[in-house]
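To keep things clear, I will list the structure first and then write my remarks on it.
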Amino acid sequence: MNISTLSIGDEVIFGEIVDTNVAHISSRLYESGFQLRRHLCVGDNEPDIMDAIEMLASHNDFVIATGGLGPTVDDLTARSAARATGRRLVLNEDALSHLKERYRIMGREMLPSTEKQALLPTKISLVPNPLGTACGFIIPHKGCFLFFLPGVPVEMKRMLAETVIPFILSRTKQKTSIETRVLRVLGLSETHVENRIKELARPREGLTIAYCVSYPEVEVKLRGEGDNEARIKELLDTTAEKVREQLGDHVVAEGGETIDTVVAALFRKKGVTLSLAESCTGGLIAARITELPGSSTYFLEGAVTYSNETKIRRLQVPAELLEKEGAVSSATAMAMARGIRKASGSDIALAVTGIAGPEGGSEEKPLGTVFLALAGRSDCTAKRYQFSGDRERIRRMTAFTALDWLRRHLMALPDAEEQ
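In our numbering, each residue's number is its place in the sequence shown (first place is 1) plus 750.
Structure below.
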């Protein structure tokens, strides 16, 4: 079963926007037991669109195209599809009725130029669009079904789920079961992960293991495929357990979980409260924590103390300590953690100070030097890290490392050893 996608639009091909549509389509197809064969992207150019349609139709059973169904002069998909498949372009009364109803609901006047969205090829089936003005459509051509959907992600996702995937499933004899497992790993490089589980990753019937770096994490993706669903699930469960044994507590999350959701669940389970004092991360850690609903039950306060003055005033960091040790030091990090814990009354507090760059490094404390501190009611510990990369990379790695320290603290795990 061959399925491909086609993205249409100058904004995509010129890199003005990130094409999230193809990633969503690919993942939804994968969940349904299908694998995308290829993806093609063309600009708002009629000959290019026609060539792409003709080429993809001749090599696929289904093609899902997105973009170019709007009312402006550069929206050329419907006309190109008509010409590529030998059809006329006509005013589709059902699509026009949909347009008028959408504008009535929005309480807006429908301009005459908007009717262009109802000019569609003949001999098609409409794909309803409950969220937008442009209907999609399906063209059967040379043994291939061509789907044309709007490029607006929220509209495309709804139409894909409600019409396109059910349509594909109804016309295929898909008997193969596909199951996946994803394990997220932190503190090990992709090479170290592969080396630890290389015996498990040897080619086996019905099982593949792949790696995907989503810095600073490495995702280990297990894919099982076969006719026996129960056997595939058992194979994946067994393999996932063996992967955990080899990678140990570097596995921070699985499936739909993230390190953020794991840490949140631990705080709720333990009934422990948290406060944060951030310098070089500028509130990035607090943002990740508060992005999740229910974080107010355990997260009491976060302070971004960027300057020495605010560290002194807000966190009661002694001026003489800053003068002697510097803002980027273990002593200052611990003073920050103690200060925010005392101010907030939280059970534990985490503080971070460092040099994210691109300026400010020295021979003693080069760019990427970061100190984290964790304070409890009776103790306080600091750690020094040396990260590499640009400012964004250092800040992101710092945030993940801080979350992992919280995870390890709440689970009573040993400190991580970066590899």
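Ideal placement from N, C-alpha and C gives every residue a C-beta, glycine not left out.
1) Using a Cβ-Cβ cutoff of less than 6 Å, which residues in the same chain neighbour S1112 once the five nearest sequence positions on both sides are dropped?
2) For a cutoff of 8 Å on Cβ pairs, would you count M1147 as touching chain D?
3) If we ignore side chains and look at the alpha-carbon of each, how far apart do L849 and F895 end up?
4) Quick one: Cα of G820 to Cα of F887, how far?
5) Just to check my reading of the structure: L1072 and T1060 have Cβ atoms closer than 8 Å, yes? What is that Cβ distance to the nearest angstrom?
6) Taking only three categories from DSSP, how would you classify L861?
7) Closest to G1005 by CA distance: which of V823, T930, C962 is it?
8) Quick one: what's R931 bridged to in DSSP?
9) Rounding to the nearest angstrom, what Cα-Cα distance links D844 and P880 in this structure?
10) Can you grab the Cα-Cα spacing for the pair G834 / I803, in whole Å?
11) Out of T1119, R1091, I1062, state which residue places its alpha-carbon closest to the alpha-carbon of F1049.
12) Is it the case that the Cβ atoms of L1100 and L1026 are separated by a distance below 8 Å?
13) When the Cβ atoms of the region 865-877 are set against those of the region 794-808, are three or more pairs found closer than 8 Å?
14) Roughly how many whole angstroms lie between the Cα atoms of S1080 and K992?
15) Output yes or no for whether 8 Å exceeds the beta carbon distance between P871 and R921.
16) Assuming Q785 is part of the alpha helix (DSSP H), what are its boundary residues?
17) For N752, which option in T864, G783, L1016, D977 has the closest C-alpha, if you only look at C-alpha atoms?
18) Could you pull out every residue in the same chain whose Cβ sits closer than 8 Å to the Cβ of S1138, ignoring the five residues on either side in sequence?
19) In angstroms with no decimal places, state the Cα-to-Cα distance between S830 and G901.
20) Would C962 be called buried (16 or more neighbouring beta carbons within 10 Å of its own) or exposed?
21) Got a sec? Which residues, its chain only, sit under 8 Å from R1141 by beta carbon, not counting five neighbours each side?
22) Quick one: give me the first and last residue of the beta strand (DSSP E) that F812 is part of.
23) Give me the Cα-Cα distance between C1130 and F1017, rounded to the nearest whole angstrom.
24) Under DSSP, the beta strand (DSSP E) around Q1066 begins and ends at which residues?
25) Per DSSP, what kind of secondary structure is I947 in: helix, strand or coil?
26) In terms of residue numbering, what span does the beta strand (DSSP E) encompassing L986 cover?
According to the data block:
1) Counting from one through the sequence shown, the residue named residue 1112 turns up at place 362. Excluding sequence neighbours, S1112 sits near nothing in its chain.
2) Considering every chain present, this structure includes no chain D. It has just one protein chain.
3) For the purposes of this step, residue 849 is identified with residue 99 of the sequence shown, where counting begins at 1. For the purposes of this step, residue 895 is identified with residue 145 of the sequence shown, where counting begins at 1. If I take the Cα positions, the gap works out to 25 Å.
4) Within the sequence shown, numbered from 1, the residue matching residue 820 stands at position 70. Within the sequence shown, numbered from 1, the residue matching residue 887 stands at position 137. When rounded, the distance between both Cα atoms is 13 Å.
5) Taking the sequence shown and counting its residues from 1, the one referred to as residue 1072 is at position 322. Taking the sequence shown and counting its residues from 1, the one referred to as residue 1060 is at position 310. L1072 to T1060, Cβ: 11 Å. No contact.
6) Against the sequence shown, residue 861 aligns to sequence position 111. Here L861 sits in coil by DSSP.
7) On the sequence shown, residue 1005 is found 255 positions in, with the first residue counted as 1. Nearest option by C-alpha distance: T930.
8) The residue given as residue 931 occupies position 181 in the sequence shown. Beta bridge pairing from DSSP links R931 with L972.
9) Counting from 1 along the sequence shown, the entry for residue 844 is found at position 94. Counting from 1 along the sequence shown, the entry for residue 880 is found at position 130. So the alpha carbons of these two residues sit roughly 14 Å apart.
10) Against the sequence shown, residue 834 aligns to sequence position 84. Against the sequence shown, residue 803 aligns to sequence position 53. Before going further, note that residue 834 is Ala rather than Gly in the sequence given. One C-alpha to the other measures close to 7 Å.
11) Within the sequence shown, numbered from 1, the residue matching residue 1049 stands at position 299. Nearest option by C-alpha distance: R1091.
12) Counted from its first residue, the sequence shown places residue 1100 at position 350. Counted from its first residue, the sequence shown places residue 1026 at position 276. Yes, the Cβ-Cβ distance between L1100 and L1026 is below 8 Å.
13) Contact between the region 865-877 and the region 794-808 is absent, because fewer than three Cβ pairs lie under 8 Å.
14) Your numbering for residue 1080 matches position 330 in the sequence shown. Your numbering for residue 992 matches position 242 in the sequence shown. Taking the straight line from one Cα to the other gives about 38 Å.
15) Locating residue 871 in the sequence shown gives position 121, where the first residue counts as 1. Locating residue 921 in the sequence shown gives position 171, where the first residue counts as 1. Contact flag unset, no.
16) Translated into positions along the sequence shown, residue 785 becomes position 35. For Q785, there is no enclosing alpha helix (DSSP H), as DSSP marks it with neither H nor E.
17) To locate residue 752, count along the sequence shown from 1; it is residue 2. A check of alpha carbon separations from N752 across T864, G783, L1016, D977 identifies G783 as the nearest.
18) As a working mapping, residue 1138 is identified with position 388 in the sequence shown. The residues G1118, I1144, in chain order, have a CB closer than 8 Å to that of S1138 in the same chain once the five nearest residues on each side in sequence are set aside.
19) Residue numbering aside, residue 830 sits at position 80 when the sequence shown is read from its first letter. Residue numbering aside, residue 901 sits at position 151 when the sequence shown is read from its first letter. It is roughly 16 Å from the alpha-carbon of S830 to the alpha-carbon of G901.
20) Taking the first residue of the sequence shown as position 1, residue 962 is located at position 212. Around the C-beta of C962, fewer than 16 other C-beta atoms lie within 10 Å, and the residue is accordingly described as exposed.
21) Numbered from 1 along the sequence shown, position 391 holds the residue referred to as residue 1141. So the list reads A1106, G1107, P1108, once near-sequence residues are dropped.
22) The residue you call residue 812 lines up with position 62 of the sequence shown. Note, F812: beta strand (DSSP E), 812-816.
23) The residue given as residue 1130 occupies position 380 in the sequence shown. The residue given as residue 1017 occupies position 267 in the sequence shown. When rounded, the distance between both Cα atoms is 19 Å.
24) Looking up residue 1066 in the sequence shown gives position 316. From DSSP, Q1066 is part of no beta strand (DSSP E); its letter is neither H nor E.
25) Here residue 947 corresponds to residue number 197 of the sequence shown, with the count starting at 1. Look at I947 here: in three-state DSSP terms it is coil, with no helix or strand label.
26) Numbered from 1 along the sequence shown, position 236 holds the residue referred to as residue 986. If you look at L986, you'll find it isn't in any beta strand (DSSP E); it sits in the alpha helix (DSSP H) that goes 979-997.
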